[in-house]
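If you're matching positions, the sequence shown starts at 5 in our numbering and goes up one per residue.
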Amino acid sequence: MSMRKATLTSAEALTKAFGANPLLTPLPPFVDIDSMPKFLSSRPLDSIPWQRVPVGQRCDFLGLMRGHFVPTPEAIEIAFAMQQMIRTGYIERHPGLPCNLQQRIAISQIPDTDLRTAPWFPRSAVGMVVSGITGLGKTFITSRVLDLFPRTYLHGRYERGGWSEQTQIVYIKVSMSADSSRLGFLDNILVTVDEAIASCGKPMESYYKMYGGKSARMSTEKLMVQIGKILSQFFCGLLIIEEIQPRNFSGDQELVFLFILRLLNFGIPILLIGNPSAFDDLKIYAQDNRRIYKGKNFELWPAQHSNARAWKMYVEGKMQCTLVPIAFDYDDELFKKIFVSSGGIHDYFDTLWNIVQENALRKKKNAIVLDDIDVAYNSTRMREYRPLISSLVERDVERLSSFADIPTDRFADLWRKLSNDDKDTRDSGTEADSSIPPTPSGKKRGTTTQHPQKSRVDRGKEANAKFQARSNRATKAQQAAKEKVSPDAAAAAKRSNAKAMLKQMEQLKVATSKP
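Rendered as structure tokens:
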């Protein structure tokens, strides 16, 4: 007769192997991937008896709807990866293990010297990147995940770790400095650390007053070392750096990358959130690329067609949170209308749906009809969004290039691939995917009689040539727009190039004149 083995939680198994880990105490129990949707889901209206409130007064609840969270597949994967980063980081830094205590002491004793000469430790934490254009929910998703964790925790005496009292910072979230200043970015970290400690009820002297600001400024490199020591001292479980954009992530990026690598080496997991273009230089360096992306890389995209599975899941989930009954079906017509009115961007749909409901509430309507979506899309509140929405829906690279923070080349590559995939589908004789929106020309997809005299290869080459030409025009248009916005910068760049050429010519003249 076989005996059933007793089951253990992951925390219990770790305790049996290494002893109780106090850093795991404030964390919620491990959530497996199948259970993650339940933990992420948030429906604020479910706790309010809004149905008993007169229609005209329900506008009070519109703000609460912003907290309605739909756990899409990509949100679930990001949440699971963030959980792994925090838990794995604390498991590896178990404060009761002698090797970890020695490393923590070694980090605290690093002189406030140049960042480049500080010692490297044999083990590093992992980094992760979540990138995408504006409106795709990068911050909303990660903030919802952090809601599942406490921000700080105050520990009592722990002999094995060598402390009588210890503040643990589970996570801190900071933004890159708006003016691309490295010192401004470091000040943001110090201020956030002060806020985290204060929320724990532990009175301490302000780190910002000690090391930040204009009056107590130390060199950038020394301050970076000091911040690494502070985050290590408080067992920071995750540092989230968001709003990484090309315009605020310029300058001496190599130093910022080195700072990030140092924090990882000190055992601090890091999550970077921002525009994909801001990470282009990062991918040049193999060491940075390997370490910072080790905890996974998530690049979010707008939905590319109305029947995309994750997009439909998001739209349906959001529309379940409505203060007025819906008088239409969730069919293809609805999803096409929603897609064309939002460009497949989550935040634009959220705004659209908010307008639809507010209009219905103010007019005290009994139900929302399909035409209400068109009315909302054509409203003044959607006016500033419509150019980008239409560029995405029509896959117009040239118009898309007018937006400086949109990586036009990435969209051009994606749309070229989708166009070629669709062409292959038609040439193979199979039915074309009707969920993919029509081409910008408005011609119907799925026809095979447009150029019967041309081979499949010729048609593919022709399509690629046209798309490349359009991409080139878009790049030139975007460059022209930048020069128009900043003519002084363009002139300065030309003068700098001219000086560099003159210097090279002089050096060449000297070299050739030597015997």
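C-beta atoms are modelled at their ideal positions from N, C-alpha and C, and glycine is treated no differently. Source: prediction; values computed, not measured.
* For residue 13, count neighbouring C-beta atoms within 10 Å of its own C-beta (all shown protein chains included) and say buried if the count is 16 or more, exposed if not. => Residue numbering aside, residue 13 sits at position 9 when the sequence shown is read from its first letter. Residue 13 is exposed by the Cβ-count criterion.
* To do: Starting from residue 353, trace the beta strand (DSSP E) both ways and give me its first and last residue.
  => As a first step, residue 353 must be located in the sequence shown, where it is residue number 349. Where residue 353 is concerned, there is no enclosing beta strand (DSSP E), although the alpha helix (DSSP H) it sits in stretches over 350-366.
* Nearest to residue 370 (by Cα), restricted to the options 59, 83, 26, 415 -> Translated into positions along the sequence shown, residue 370 becomes position 366. Residue 59 is the option with its Cα nearest to residue 370.
* Cα-Cα separation, residue 384 to residue 391 -> Here residue 384 refers to the residue found at position 380 when the sequence shown is read from its first residue. Here residue 391 refers to the residue found at position 387 when the sequence shown is read from its first residue. Roughly 13 angstroms between the two C-alpha positions.
* **Where residue 130 falls, given that 16 or more other Cβ within 10 Å makes a residue buried** => Within the sequence shown, numbered from 1, the residue matching residue 130 stands at position 126. Buried is the call here.
* Which of helix, strand or coil DSSP assigns to residue 20 -> Residue mapping note: residue 20 aligns to position 16 of the sequence shown, counting from 1. Of the three classes helix, strand and coil, the one that applies to residue 20 here is helix, per DSSP.
* For residue 92, which of helix, strand or coil comes out of DSSP? -> In the sequence shown, the residue the question calls residue 92 occupies position 88. Residue state, collapsed to three classes: helix.
* To do: From the DSSP output, in three-state form, read off residue 264 for me.
  => On the sequence shown, position 260 is the one that residue 264 refers to. The DSSP-derived three-state label of residue 264 is helix.
* **the region 188-204 / the region 68-79 touching (three or more Cβ pairs under 8 angstroms)** => At 8 angstroms Cβ cutoff, the stretches do not touch.
* To do: Would you kindly work out how many angstroms separate the C-alpha atoms of residue 189 and residue 31, rounded to a whole number?
  => Counted from its first residue, the sequence shown places residue 189 at position 185. Counted from its first residue, the sequence shown places residue 31 at position 27. Roughly 28 angstroms between the two C-alpha positions.
* Asked: Quick one: Cα of residue 213 to Cα of residue 227, how far?
  -> Residue numbering aside, residue 213 sits at position 209 when the sequence shown is read from its first letter. Residue numbering aside, residue 227 sits at position 223 when the sequence shown is read from its first letter. Within the model, the alpha-carbon separation for residue 213 versus residue 227 is close to 13 angstroms.
* Per DSSP, residue 177 is paired with what? -> Within the sequence shown, numbered from 1, the residue matching residue 177 stands at position 173. Under DSSP, the beta-bridge partners assigned to residue 177 are 244.
* Asked: Between the Cα of residue 169 and the Cα atoms of 28, 179, 157, 180, which residue gives the shortest distance?
  -> As a working mapping, residue 169 is identified with position 165 in the sequence shown. Comparing Cα positions, the closest option is 157.
* Asked: CB residue 235 to CB residue 273, shorter than 7 angstroms?
  -> Residue mapping note: residue 235 aligns to position 231 of the sequence shown, counting from 1. Residue mapping note: residue 273 aligns to position 269 of the sequence shown, counting from 1. No. Outside cutoff.
* To do: Over the uninterrupted alpha helix (DSSP H) stretch that includes residue 317, give me the two end residues.
  => Here residue 317 refers to the residue found at position 313 when the sequence shown is read from its first residue. Note, residue 317: alpha helix (DSSP H), 313-323.
* Return the chain-ordered list of same chain residues with a C-beta closer than 7 angstroms to the C-beta of residue 282, the five sequence neighbours on each side being excluded. => In the sequence shown, the residue the question calls residue 282 occupies position 278. Excluding sequence neighbours, residue 282 sits near 248, 249, 250, 253.
* Simplified DSSP state of residue 447, which is helix, strand or coil -> The sequence position of residue 447 within the sequence shown is 443, counting from 1. Note on residue 447: pLDDT 38, under 50, position unreliable in the model; the coordinate value appears next. In the structure shown, residue 447 sits in coil (DSSP, three-state: anything other than H, G, I, E or B).
* Asked: Can you tell me where the beta strand (DSSP E) with residue 346 in it begins and where it stops?
  -> As a working mapping, residue 346 is identified with position 342 in the sequence shown. That residue, residue 346, is in no beta strand (DSSP E); its alpha helix (DSSP H) goes 336-346.
* Asked: Name the DSSP bridge partner or partners of residue 167?
  -> Locating residue 167 in the sequence shown gives position 163, counting from the first residue. For residue 167, which the question treats as bridged, DSSP gives the partners 162.
* Asked: So is residue 314 buried or exposed if we call it buried at 16+ other beta carbons inside 10 Å?
  -> Looking up residue 314 in the sequence shown gives position 310. So residue 314 ends up on the exposed side.
* **Limits of the unbroken alpha helix (DSSP H) element including residue 131** => Locating residue 131 in the sequence shown gives position 127, where the first residue counts as 1. For residue 131, there is no enclosing alpha helix (DSSP H); the residue is part of the beta strand (DSSP E) that begins and ends at 131-135.
* Examine the Cβ distances between the region 360-378 and the region 399-411 and report whether three or more of them are shorter than 8 angstroms. => No, the region 360-378 is not in contact with the region 399-411.
* Environment of residue 382 [buried if 16+ CB atoms lie within 10 Å] -> Position 378 of the sequence shown, counted from the first residue, corresponds to residue 382. Label assigned to residue 382: exposed.
* Pull up the distance between the alpha-carbon of residue 24 and that of residue 18, whole angstroms please. => Residue 24 sits at position 20 when you count from the first residue of the sequence shown. Residue 18 sits at position 14 when you count from the first residue of the sequence shown. If you draw a straight line from the Cα of residue 24 to the Cα of residue 18, it comes to about 8 angstroms.
* Asked: Cβ of residue 386 less than 7 angstroms from any chain D Cβ?
  -> In the structure shown, chain D cannot be found, because there is only a single protein chain.
* Going by the CB atoms, is the gap between residue 229 and residue 122 shorter than 7 angstroms? -> Along the sequence shown, read from residue 1 onward, the residue named residue 122 stands at position 118. Along the sequence shown, read from residue 1 onward, the residue named residue 229 stands at position 225. Less than 7 angstroms separates the beta-carbon of residue 122 from that of residue 229.
* Three-way DSSP call (helix, strand, coil) for residue 515 in this model -> Numbered from 1 along the sequence shown, position 511 holds the residue referred to as residue 515. Low per-residue confidence applies at residue 515: pLDDT is 45, beneath 50, and the placement is therefore not dependable, though the value from the model is reported in the following sentence. Three-state result, residue 515: helix.
* Asked: According to DSSP, what are the bridge partners of residue 157?
  -> Start at 1 with the first residue of the sequence shown, and residue 157 comes out as number 153. Partner(s): 172.
* What are the start and end residues of the alpha helix (DSSP H) that includes residue 188? -> Translated into the one-based positions of the sequence shown, residue 188 becomes position 184. Per DSSP, residue 188 belongs to the alpha helix (DSSP H) from 186-203.
* To do: Take the Cβ of residue 75 as the centre, count every other Cβ of all protein chains shown within 10 Å, and call the residue buried at 16 or more, exposed below.
  => In the sequence shown, the residue the question calls residue 75 occupies position 71. Buried: at least 16 other Cβ atoms inside 10 Å.
* To do: Report all residues from its chain with a CB closer than 7 angstroms to the CB of residue 125; omit the five preceding and five following residues, and keep chain order.
  => Within the sequence shown, numbered from 1, the residue matching residue 125 stands at position 121. Sequence-distant partners of residue 125 (beyond 5 residues in either direction) whose C-beta falls short of 7 angstroms from its own C-beta, in its chain, are 107, 269.
* Between residue 128 and residue 413, what straight-line distance do the alpha-carbon atoms span, to the nearest angstrom? -> Here residue 128 is taken as the residue at index 124 of the sequence shown, counted from 1. Here residue 413 is taken as the residue at index 409 of the sequence shown, counted from 1. Between residue 128 and residue 413, the C-alpha separation is close to 34 angstroms.
* Is residue 84 helix, strand or coil when you go by DSSP? -> Taking the first residue of the sequence shown as position 1, residue 84 is located at position 80. In this structure, residue 84 counts as helix in the three-state DSSP scheme.
* Asked: What's the gap between the Cα of residue 11 and the Cα of residue 164?
  -> Within the sequence shown, residue 11 is the residue found at index 7, counting from 1. Within the sequence shown, residue 164 is the residue found at index 160, counting from 1. Answer to the nearest angstrom: the Cα atoms are 28 angstroms apart.
* To do: Would you tell me roughly how many angstroms separate the C-alpha atoms of residue 267 and residue 222, rounded to the nearest one?
  => The count along the sequence shown starts at 1 and reaches residue 267 at position 263. The count along the sequence shown starts at 1 and reaches residue 222 at position 218. Going by C-alpha positions, residue 267 is about 19 angstroms away from residue 222.
* Quick one: grab the DSSP three-state call for residue 409. => For the purposes of this step, residue 409 is taken as the residue at position 405 of the sequence shown. Coil at residue 409, not helix or strand.
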